[in-house]
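Undergrad: So that we are looking at the same thing, I have put the structure below in C-alpha cells.
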Amino acid sequence: MSPASGSGQVTYIYDGSFHGLMTIAYEAEKGNIIPHCILVMEPDTPLLFHDYIHVATDLNKAEEVIGAIKTKLPPLAYKRVLFCYLSEVPNAPQCIIDYLNLGWRYGKLLDHYSAHDNAMPLRRLAEKVAREWHRMTGLVRFRLAPGGIYYAPIEPDYNVLPLLSPHFAERMAQEHWIIHDIGRNIASRYSGGEWDIIDFEIVDTIEYDDAELACQNLWNNYFTNIAIGYRKNKRLQKQFLPRRYWKHLVERIA
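Last residue of the sequence shown: number 258 in my numbering, and the count goes up by one each step with no gaps.
Below, the structure written as C-alpha cells:
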C-alpha cells in the first residue's frame with residue numbers, strides 16, 4: 005500500500021466497527037484522501053465546506069488492510085491500532101488513520117517516528133488501554149452464581165473486554181463464566197471452549213451461591229487479619245489501585 009496524500013475537507017461516516025474503520029483506511033489510501041474527521045453518524049448541523057462520505061463496511065477490504073499492517077509495518081503496529089480503537093475516545097479513529105498514513109510511508113521504520121504528530125497520539129492511547137488491560141487481569145473477581153456459572157462484574161475506563169476474554173478462556177477453560185462490563189451493557193460469555201461478546205444487562209440483583217458467600221467471608225476475614233495496621237498507607241494504596249476499581253473486589257479495602 006502506498007502513502008495517502010491530500011488536503012480536502014473530507015469527513016468519513018461509518019458504522020463504528022473495527023472492520024468499518026479498516027475499510028475507511030482502505031478507501032482513504034486508495035483515493036489518496038486524508039480525512040479531516042471520522043464520525044459514526046452525520047452531525048445534526050453539517051460543517052461548512054465539508055464533503056461527507058458514507059463508507060459501508062467491506063470485510064475483504066478491511067482484511068486487506070489488516071494484512072498489510074501485520075506484514076508491512078512493525079510487529080506491534082496492529083496491536084497498537086487495535087488497542088487505540090478499544091479506547092473508544094472520540095478522536096481514536098482519526099489517530100488510527102493518521103498513524104496508518106505515516107506507516108504506509110515508512111513501513112518497517114515506522115517505530116523510528118514514534119514522536120511524530122501522526123504517531124504519538126495513537127501510541128499514548130494504546131499504552132493507556134494496555135495498562136488497564138494488564139491491571140484488570142488481576143482485578144476480575146468471579147462469584148459463583150446459581151447454575152454453576154461464574155459471574156464477574158467490571159467497570160473499566162476502556163473497552164478491554166475483548167482483551168480479557170481470551171486471557172480467562174485459557175485460565176478458566178473448564179468453567180462456564182460471564183464477565184460483565186456494566187458501563188457498556190455488554191458481556192463476554194464462555195462455555196465449551198468458546199467465548200463471544202453479547203449485549204447484556206442485569207435488572208435484578210444476583211443471588212450468589214451459599215458456598216460462594218461463605219468463601220467471600222473467609223477471604224475477607226483473612227484479608228483483614230493479615231493487614232498490619234501501622235503499615236497502612238492509603239495514599240500509596242490509591243496510587244497502585246485507584247478507588248474506581250475497588251467497587252467490584254471481593255476483598256474489602258479499608
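Virtual Cβ for every residue (Gly too), placed ideally from N, Cα, C.
Just tell me which of E179, H184, W137, I186 has its CA closest to the CA of G196.
TA: Comparing C-alpha distances from G196 to each of E179, H184, W137, I186 shows the shortest one belongs to E179.
Undergrad: If you run the structure through DSSP and keep just helix, strand and coil, what is Y154?
TA: strand
Undergrad: Measure the C-alpha to C-alpha separation of L25 and L143 and round it to an integer number of angstroms.
TA: 31 Å
Undergrad: Can you give me the start and stop residues for the alpha helix (DSSP H) that S118 sits inside?
TA: Going by DSSP, S118 is part of no alpha helix (DSSP H) at all; its letter is neither H nor E.
Undergrad: Output yes or no for whether 7 Å exceeds the beta carbon distance between H23 and L86.
TA: no
Undergrad: Considering only residues of the same chain and omitting the five flanking positions on each side of A173, which have a CB-CB separation below 6 Å?
TA: Y194, W199
Undergrad: May I have the straight-line CA-CA distance separating I190 from D203, to the nearest angstrom?
TA: A straight line joining the alpha-carbon of I190 with that of D203 spans about 4 Å.
Undergrad: Quick one: grab the DSSP three-state call for V14.
TA: V14 falls in the strand class under three-state DSSP.
Undergrad: Is the number of C-beta pairs between the stretch 87 to 94 and the stretch 111 to 129 that are closer than 8 Å three or more?
TA: yes
Undergrad: Classify D102 as buried or exposed, calling it buried when 16 or more other Cβ atoms lie within 10 Å of its own Cβ.
TA: buried
Undergrad: What residues are listed by DSSP as bridge partners for R109?
TA: Per DSSP, none; premise fails for R109.
Undergrad: Could you give the residue range of the beta strand (DSSP E) that holds L148?
TA: 147 to 149
Undergrad: Measure the alpha-carbon distance for N36 versus R188 and round it to whole angstroms.
TA: 36 Å
Undergrad: Suppose the cutoff is 6 Å on Cβ atoms and the five residues either side in sequence are ignored; what does the same chain contact list for G20 look like?
TA: The residues are V44.
Undergrad: In angstroms, rounded to a whole number, what distance separates the CA positions of L113 and V14?
TA: 28 Å
Undergrad: Does DSSP classify E198 as helix, strand or coil?
TA: strand
Undergrad: Answer with buried or exposed for S118, where buried requires no fewer than 16 other C-beta atoms within 10 angstroms of its C-beta.
TA: exposed
Undergrad: Distance check for H252 and G152, CA to CA, integer angstroms please.
TA: 20 Å
Undergrad: So, helix, strand or coil for D102, using DSSP?
TA: Looking at D102 - three-state DSSP - the assignment turns out to be helix.
Undergrad: What residue range does the alpha helix (DSSP H) around L86 cover?
TA: 81 to 91
Undergrad: Apart from the five residues just before and just after V59, which ones in its own chain have a Cβ nearer than 8 Å to its Cβ?
TA: Y16, I17, Y18, G24, T27, I28, E31
Undergrad: Going by the CB atoms, is the gap between D115 and E136 shorter than 7 Å?
TA: Not a contact, by the Cβ cut-off of 7 Å.
Undergrad: I need the boundaries of the alpha helix (DSSP H) containing L167, first residue and last residue.
TA: 165 to 175
Undergrad: Just the C-alpha distance for S192 and R139, rounded to the nearest angstrom, thanks.
TA: 18 Å
Undergrad: Considering just the uninterrupted stretch of the alpha helix (DSSP H) at L25, what are its terminal residues?
TA: 22 to 34
Undergrad: Have a look at the DSSP bridge pairing and note the partners of D203.
TA: I190
Undergrad: Bridge partners for W181 per DSSP, in chain order?
TA: Y154, Y194
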